[in-house]
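Since the structure comes first, as structure tokens, the remarks are kept for the end.
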Amino acid sequence: MQNIENWVALSTDENSIVTVIFDLLKQVAKMGKAIADLIGLAK
1 MQNIENWVAL
11 STDENSIVTV
21 IFDLLKQVAK
31 MGKAIADLIG
41 LAK
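Numbering (the UniProt record's numbering), first residue to last: 1 to 43.
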């Protein structure tokens, strides 16, 4: 929930929006890699 509040607070600044989006993409990439590793271990 706090992440949403932080995003709303940053959304007044375009540069901050870009930063937040890149951070989210990095987190998604990390999660995707972790999930791929788990699937690889499960096989």
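Note that CB positions come from ideal geometry on N, CA and C, so glycine has one too.
Nearest-angstrom Cα separation, counted from residue j out to residue i
{"i": "G40", "j": "K33", "result": "10 Å"}
{"i": "K43", "j": "I35", "result": "12 Å"}
{"i": "M31", "j": "Q2", "result": "20 Å"}
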